[in-house]
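Just so we're aligned: 167 in UniProt numbering is position 167 of the sequence shown, and the numbers increase by one with no gaps anywhere. Glycine included, each C-beta is placed from N, C-alpha and C at the ideal position. Model, not experiment: these values are computed from the prediction.
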Amino acid sequence: MLIQNVHLDNQSETSDVRVTDGKFAAIAPHLTPQAGEEVIDVHGNLMLPPFVDSHVHLDSTLTAGQPEWNESGTLFDGIRIWGERKQTLTKQDVKDRATQSIRKMLTHGIQHVRSHVDVTDPSLTALQALLELKHDLKEIVDLQLVAFPQDGILSFPHGKELMEQAVKEGADVVGGIPHFENTTEYGWESVHFLMDLADRYDKLVDVHCDEIDDPASRHLEVLATESLERQLFDRVTASHTTAMGSYNDAYTYKLFKLLKQSQINFVTNPLVNVHLGGLIPTPSAAVLPGLKSLPQPA
Ligand SMILES: [Zn+2]
1 MLIQNVHLDN QSETSDVRVT DGKFAAIAPH LTPQAGEEVI DVHGNLMLPP
51 FVDSHVHLDS TLTAGQPEWN ESGTLFDGIR IWGERKQTLT KQDVKDRATQ
101 SIRKMLTHGI QHVRSHVDVT DPSLTALQAL LELKHDLKEI VDLQLVAFPQ
151 DGILSFPHGK ELMEQAVKEG ADVVGGIPHF ENTTEYGWES VHFLMDLADR
201 YDKLVDVHCD EIDDPASRHL EVLATESLER QLFDRVTASH TTAMGSYNDA
251 YTYKLFKLLK QSQINFVTNP LVNVHLGGLI PTPSAAVLPG LKSLPQPA
């Protein structure tokens with residue numbers, strides 16, 4: 001394939017680019033089309049490497065309002081509503097919605113996608129659908145799938161078995177959600193479990209970690225320590241980590257030393273958390289609804 005009149009990075013003049021067997025074969029000011037070669041003139045448009053979407057949930061994509069709208073706008077209500085929608089999943093349903101979203105991504109130049117997939121479902125319907133889709137679309141998108149325990153590993157029946165089964169069926173990355181587990185101790189244990197699973201099966205790690213406005217949610221230190229001690233380093237990613245915004249300065253300062261040593265990656269998801277964060281009423285406002293009518297200090 002010959003692409004003519006391309007603007008490349010930091011160059012004022014256009015170039016022609018030849019692609020042979022999926023690789024750049026030649027870049028020059030003017031290349032002569034070969035016999036039978038497909039030629040596209042892009043009239044001076046800019047050529048960029050494909051973009052990466054490092055955090056999406058293709059199993060739950062395009063389900064807003066099903067079976068109800070998230071009126072509170074909180075993450076935990078979103079999880080509850082998804083829990084109901086999850087009961088009605090079929091492979092075709094997941095594939096149709098995920099394909100629609102992937103097509104939108106492609107039109108925006110995204111060709112590398114990491115999708116979390118809820119595996120707290122005894123049938124693993126969504127995982128199987130997305131594994132099939134990953135195979136079907138491999139020529140146009142590089143799809144990486146995270147075994148994501150939406151309802152917890154320790155707090156969901158057979159959570160550990162489902163995580164291991166998901167990895168055996170082909171998940172590329174091991175996920176987690178320690179702040180959502182029923183107890184802090186379950187949260188810690190879930191991190192130990194998932195890091196061990198990733199280590200044993202030679203998988204990457206990407207954990208939804210401390211996505212809550214609770215300053216006492218401190219699973220990130222456990223994830224980072226495990227990454228350091230197992231020497232998994234940048235094979236490990238922490239997603240969200242919004243509790244960090246509520247930590248006190250002394251703790252955060254100490255934590256940053258560990259985070260740097262551990263070399264883990266972060267995916268921050270600002271567009272998601274700007275909507276989901278800070279929505280829980282303060283206890284005083286909830287307990288004392290008449291507070292606003294009290295005289296304000298001068
Ligand atoms: Zn997520």
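DSSP state of residue i mapped onto helix, strand, coil
i: Leu127; result: helix
i: Ala64; result: coil
i: Ala250; result: helix
i: Leu2; result: strand
i: Leu8; result: coil
i: Asp210; result: coil
i: Leu204; result: strand
i: Leu279; result: coil
Ligand 1 heavy atom lying under 6 Å from the CB of residue i
i: His219; result: no
i: His116; result: yes
Element boundaries [alpha helix (DSSP H), containing residue i]
i: His192; result: 184-201
Bounding residues of the beta strand (DSSP E) (the contiguous stretch that carries residue i)
i: Val17; result: 15-20
i: Phe233; result: Counting along the chain, Phe233 falls outside any beta strand (DSSP E), and DSSP gives it neither H nor E.
i: Asn273; result: Run containing Asn273: none in the beta strand (DSSP E); it sits in the alpha helix (DSSP H), 270-276.
i: Gln111; result: 110-118
i: Ala243; result: From DSSP, Ala243 is part of no beta strand (DSSP E); its letter is neither H nor E.
i: Leu216; result: Note on residue identity: the sequence assigns Ala, not Leu, to residue 216. Segment: none, Ala216 is in no beta strand (DSSP E) and carries neither H nor E.
i: Ile27; result: 23-28
Local Cβ density within 10 Å of residue i, reported as buried at 16 or more and exposed below that
i: Ile140; result: exposed
i: Leu143; result: buried
i: Pro149; result: buried
i: Ala26; result: exposed
i: Val200; result: Per the sequence shown, the amino acid found at residue 200 is Arg instead of Val. With fewer than 16 Cβ atoms within 10 Å of its Cβ, Arg200 is classed as exposed.
i: Glu161; result: exposed
i: Ala98; result: buried
i: Glu132; result: exposed
i: Thr237; result: buried
i: Ala198; result: buried
i: Tyr247; result: buried
i: Glu234; result: The question names Glu, but residue 234 in the sequence shown is Asp. So Asp234 counts as exposed.
(request) Just list the beta strand (DSSP E) runs in the region 132-193, keeping only unbroken ones of 3 residues or longer that don't cross its boundaries, in chain order. (result) 142-148
(request) Kindly provide the ranges of any beta strand (DSSP E) runs that are 3 or more residues long and lie completely inside the region 33-108, ordered along the chain. (result) 39-41, 51-56
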